[in-house]
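Using our numbering, read the sequence shown as starting at 1 and increasing by one per residue.
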Amino acid sequence: MIIEREVLIIGAGPTGCVVATLLARHGHQVLLISDDRETRGLYW
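In structure tokens, the structure reads:
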């Protein structure tokens, strides 16, 4: 059983970017916000 959720992730560092990507791939609606203009995650 898959339960879709709306998820807010605060912080676009490496962990935030990875978690946002994984959740989106599993069908969740993800909003990723950061106080910087650029993400600090890995290059995709």
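The C-beta atom is built at its ideal place from N, Cα and C for all residues, glycine as well.
Extent of the continuous alpha helix (DSSP H) run through residue i
i	result
arginine 5	Taken as a continuous stretch (DSSP letters only), arginine 5 belongs to no alpha helix (DSSP H), as it is neither H nor E.
glycine 16	14-25
Burial state of residue i (16 or more Cβ within 10 Å)
i	result
arginine 13	Correcting the residue type first, residue 13 is glycine in the shown sequence and not arginine. So glycine 13 counts as exposed.
leucine 31	exposed
glycine 27	exposed
Beta-carbon separation (whole angstroms), residue i vs residue j, contact threshold 8 angstroms
i	j	result
alanine 20	isoleucine 9	5 angstroms
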